[in-house]
Amino acid sequence: MVHRREIDGQPIVFGNQGDLWMNAMTWFDHDTGSVWSQPTGEAILGPLKGTTLELLPSTLSTWQDWQERFPDTLALDAFTRRHEFSISQMVVAVVVGDDSVAIRFADLREQGSLSASIGGEPVLIVADPEVDRWAAYSRLVDGVELDLQLLNGELVDPASDDRWDVALGASKTGALPLDRVSAFSSFGSDYRNFYPDGELLGS
Amino acid sequence: MGLIGSGRRVPLSMRTRATRYVVITLLMALVAVACAADDTDTGARTAQRGGLFPDLYDPTSAGEPLPDDYRESLPRDAINPVYDPVFVKPGEIDWPLDELVIGVDLNGEQRAYPVGFLSFREIVIDDHRGIPTMVTW
């Protein structure tokens with residue numbers, strides 16, 4: 005997950021609290037010592053209790069796919085260890101306010117895209133046709149709600165014939181770019197634990 | 002937790018994490034005992050929950066009521082975040098091509114954080130072209 009570590013416009017440094025809440029990671033902030041929950045991004049103890057950090061858009065993909073999509077990417081100077089799972093086992097979750105929707109990546113891959121209204125926001129979650137990667141966009145463009153469709157590897161608005169790149173949300177026809185909405189990858193069981201009211205779609 | 006698991010009822014990653022926390026806690030307890038043999042003050046400090054941050058407020062040692070299912074495990078930063086990440090070009094690292102990465106695309110710049118590294122450092126404190134970010138697993 006990627007969060008904006010900023011409260012009221014002030015950057016804040018976080019550390020690892022080392023405790024587990026609902027079997028999940030906790031942080032502390034260096035300013036107040038409040039304790040935060042990673043999956044919700046919310047302070048659960050201390051002076052900032054109830055404050056929530058903004059979740060930023062990020063994606064999970066293989067290093068090969070990410071490099072092919074973004075050849076100019078920077079890489080964290082770090083070594084790696086082997087892991088034991090793949091993207092197809094995970095769900096893609098979008099959270100808007102108190103509302104959230106998740107779909108298993110394997111199902112998203114099969115159906116191509118998912119349109120949903122989440123917390124009043126019209127959202128499109130789309131699987132990249134070429135690689136094991138996904139993106140989530142608002143379907144509001146310039147205040148107009150679009151009925152975006154995945155056609156021939158592009159996102160298309162049938163009303164205007166405008167087209168956008170799936171991975172970047174950049175317009176290919178001179179329209180405004182699509183705005184990303186915050187989404188993250190998770191395992192289904194973890195999603196259910198932290199978003200019990202959320203809707204988990206797919207088998 | 003890193004929002005990972007295995008889809009099983011008790012996600013593998015969570016069990017792994019919990020086990021790791023227990024092992025590290027035991028090691029720290031041993032260190033604390035060893036220190037206490039030489040210097041009681043040092044041993045006590047090592048055992049403090051605040052870890053490297055003895056003067057910072059900690060709700061768990063201040064006696065705040067803890068939520069259900071809250072487990073105190075390790076001192077602060079016993080699993081040390083990356084506070085000063087360094088970034089290089091793809092040609093300068095040798096990750097396996099099937100390595101999973103968290104990819105972030107902000108302000109026209111893309112950064113990749115390998116899961117195989119995040120899974121044991123857990124937190125990267127970053128500044129992404131002026132946006133203060135925190136990448137966690």
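Going down the list, the sequences are from chains A and B. Under my numbering, the letters of the first sequence match residues 5 to 207, in that order. Under my numbering, the letters of the second sequence match residues 2 to 138, in that order. Beta carbons are placed, not taken as given, at the ideal position from N, Cα and C, and that holds for glycine.
For chain A, is any of its Cβ atoms less than 8 Å away from the one on residue i?
| i | result |
| --- | --- |
| R130 of chain B | no |
| G64 of chain B | no |
| P86 of chain B | yes |
| P82 of chain B | yes |
| P55 of chain B | no |
| G3 of chain B | Confidence at G3 of chain B is low in this model, with a pLDDT of 40, below 50, so the placement of that residue should be treated as unreliable; the coordinate-derived value is given next. Yes, G3 of chain B lies at the interface with chain A (some Cβ there is under 8 Å from its Cβ). |
Cβ of residue i less than 8 Å from any chain B Cβ?
| i | result |
| --- | --- |
| T44 of chain A | no |
| L150 of chain A | no |
| P181 of chain A | no |
| V130 of chain A | no |
| W67 of chain A | yes |
| G123 of chain A | no |
| D81 of chain A | yes |
| E10 of chain A | yes |
| L60 of chain A | yes |
| L144 of chain A | no |
| N20 of chain A | yes |
| I48 of chain A | yes |
| W168 of chain A | no |
| P200 of chain A | no |
| Q153 of chain A | no |
| P133 of chain A | no |
| G37 of chain A | yes |
| L118 of chain A | no |
| L204 of chain A | no |
| V6 of chain A | yes |
For residue i, count neighbouring Cβ atoms within 10 angstroms of its own Cβ and tell me buried if that reaches 16, exposed if not.
| i | result |
| --- | --- |
| V87 of chain B | exposed |
| N156 of chain A | exposed |
| R130 of chain B | exposed |
| S104 of chain A | buried |
| P60 of chain B | buried |
| Q21 of chain A | buried |
| T177 of chain A | exposed |
| V148 of chain A | exposed |
| G19 of chain A | buried |
| N27 of chain A | buried |
What is the C-beta distance between residue i and residue j, in whole angstroms, given that I count them as a contact (C-beta under 8 Å)?
| i | j | result |
| --- | --- | --- |
| E65 of chain B | L49 of chain A | 5 Å |
| S189 of chain A | V96 of chain A | 6 Å |
| D136 of chain A | T66 of chain A | 6 Å |
| Q42 of chain A | T30 of chain A | 7 Å |
| P126 of chain A | L144 of chain A | 6 Å |
| L112 of chain A | W138 of chain A | 6 Å |
| T63 of chain A | G104 of chain B | 5 Å |
| F74 of chain A | D106 of chain B | 7 Å |
Do you know offhand how far residue i's Cα is from residue j's?
| i | j | result |
| --- | --- | --- |
| D76 of chain A | W70 of chain A | 10 Å |
| R209 of chain A | S142 of chain A | Any property of residue 209 of chain A remains undetermined from this structure, which presents chain A solely from 5 to 207. |
| L80 of chain A | R112 of chain B | 7 Å |
| P76 of chain B | E10 of chain A | 24 Å |
| L205 of chain A | P55 of chain B | 45 Å |
| P133 of chain B | P15 of chain A | 6 Å |
| Y84 of chain B | Q68 of chain A | 26 Å |
| I80 of chain B | F191 of chain A | 23 Å |
| Y71 of chain B | D23 of chain A | 7 Å |
| D35 of chain A | L152 of chain A | 43 Å |
| Y58 of chain B | D12 of chain A | 21 Å |
| P51 of chain A | E114 of chain A | 46 Å |
| V83 of chain A | D165 of chain A | A small fix is needed here, since residue 83 of chain A is Phe in this sequence, not Val. Looking at the two C-alpha atoms, the distance is approximately 45 Å. |
Could you name the residues of chain E that residue i contacts, counting a contact when the two beta carbons are closer than 9 Å?
| i | result |
| --- | --- |
| D111 of chain A | Among the protein chains of the structure shown, namely A and B, there is no chain E. |
Inter-stretch contact at 8 Å, needing at least 3 Cβ pairs: the stretch 115 to 122 of chain B / the stretch 94 to 101 of chain B: yes
Touching or not, the stretch 41 to 59 of chain A and the stretch 7 to 24 of chain A, by the rule of three or more beta carbon pairs under 8 Å? yes
Sufficient close CB pairs (3 or more, under 8 Å) joining the stretch 33 to 47 of chain A to the stretch 121 to 128 of chain A: no
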